[in-house]
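In what follows, a single structure is set out as structure tokens and then discussed.
Numbering (my numbering), first residue to last: 1 to 160.
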């Protein structure tokens, strides 16, 4: 009886840990047919196209990024946006920042596991025309993310 209980407990723990690990990859797979453009790019390839001048404050991020998934939607915008909102709620994604400029909105979400940021998802959309989703697999600490945001903020203030 103890063995059966132990087996059920182990299966329960494994199933809940896998359920919590659902990530943007699952959303990407289930919605890529609805997208006008969907790209899955390894970081070593994508980072080749990023200018060295733009990487100072993001150097740690670029080293720890493993994969980029990009989706662009021009139709079914409200349907996809509703599905994405459900995905965010279901997976308890945390909001890092929200920016609104006129009709355009940018929201950055992240998924944290054991004090590590495992994924960053950027949602860029306007109310009518287009939705762009960018999912980035990473392995950052909160301190690394804070330092990156702080450095970026200082650079933006200094350039203005």
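Beta carbons are placed, not taken as given, at the ideal position from N, Cα and C, and that holds for glycine.
All values derive from a computational prediction rather than experimental measurement.
Exposed or buried, what is residue 142 when buried is set at 16 or more other beta-carbons lying within 10 Å of its beta-carbon?
As a working note, residue 142 is residue 142 in the chain shown. That one is exposed.
If we require 3 or more residues per run, which beta strand (DSSP E) segments fall completely within the region 87-139?
94-101, 104-113 and 116-125
What is the rounded straight-line gap between the Cα of residue 127 and the Cα of residue 73?
One-based indexing of the chain shown puts residue 127 at position 127. One-based indexing of the chain shown puts residue 73 at position 73. About 12 Å.
Rounded C-alpha distance that separates residue 151 from residue 140:
The residue labelled residue 151 in the question sits at position 151 within the chain shown. The residue labelled residue 140 in the question sits at position 140 within the chain shown. So the alpha carbons of these two residues sit roughly 16 Å apart.
I'd like to check one pair, residue 90 with residue 24: are the Cβ atoms closer than 8 Å?
The sequence position of residue 24 within the chain shown is 24, counting from 1. The sequence position of residue 90 within the chain shown is 90, counting from 1. No, the Cβ-Cβ distance between residue 24 and residue 90 is not below 8 Å.
Under the three-state reduction of DSSP, which class applies to residue 82: helix, strand or coil?
In the chain shown, counting from the first residue as 1, residue 82 sits at position 82. The answer is helix: DSSP assigns residue 82 an H, G or I state.
Indicate the three-state DSSP secondary structure (helix, strand or coil) for residue 74 in the structure shown.
Residue numbering aside, residue 74 sits at position 74 when the chain shown is read from its first letter. In this structure, residue 74 counts as coil in the three-state DSSP scheme.
Residue closest to residue 120, alpha-carbon to alpha-carbon, out of 88, 129 and 104:
On the chain shown, position 120 is the one that residue 120 refers to. When each option's Cα is compared against that of residue 120, the closest is 88.
Taking residue 107 as the reference, which of 116, 145, 113 and 122 has the closest Cα?
The residue labelled residue 107 in the question sits at position 107 within the chain shown. Ranking 116, 145, 113 and 122 by Cα distance to residue 107 puts 122 first.
Thinking residue 65 and residue 137 are a contact (beta carbons under 8 Å), I'd like their distance in whole angstroms, please.
Your numbering for residue 65 matches position 65 in the chain shown. Your numbering for residue 137 matches position 137 in the chain shown. About 7 Å separates the two Cβ atoms, so the contact holds.
Taking 7 Å as the limit between beta carbons, can you name the residues of its chain near residue 145, skipping five residues before and five after?
By 1-based counting over the chain shown, the position of residue 145 is 145. Answer for residue 145: 117, listed in chain order.
Report yes if the CB atom of residue 105 is closer than 8 Å to the CB atom of residue 125, and no otherwise.
Within the chain shown, residue 105 is the residue found at index 105, counting from 1. Within the chain shown, residue 125 is the residue found at index 125, counting from 1. Result yes, Cβ atoms of residue 105 and residue 125 sit closer than 8 Å.
Cα-Cα separation between residue 94 and residue 82, rounded to whole angstroms:
Start at 1 with the first residue of the chain shown, and residue 94 comes out as number 94. Start at 1 with the first residue of the chain shown, and residue 82 comes out as number 82. If you take the alpha carbons of residue 94 and residue 82, they lie about 17 Å apart.
Could you tell me the alpha carbon to alpha carbon distance between residue 28 and residue 102, rounded to whole angstroms?
Numbered from 1 along the chain shown, position 28 holds the residue referred to as residue 28. Numbered from 1 along the chain shown, position 102 holds the residue referred to as residue 102. Spanning the two alpha carbons is a distance of roughly 28 Å.
Compare the C-beta of residue 121 with all C-beta atoms of chain D and state if any pair is closer than 8 Å.
Among the chains of the structure shown, chain D does not appear; only one protein chain is present.
Counted within 10 angstroms of its Cβ, other Cβ atoms place residue 84 as buried (16 or more) or exposed:
By one-based count along the chain shown, residue 84 stands at place 84. Buried.
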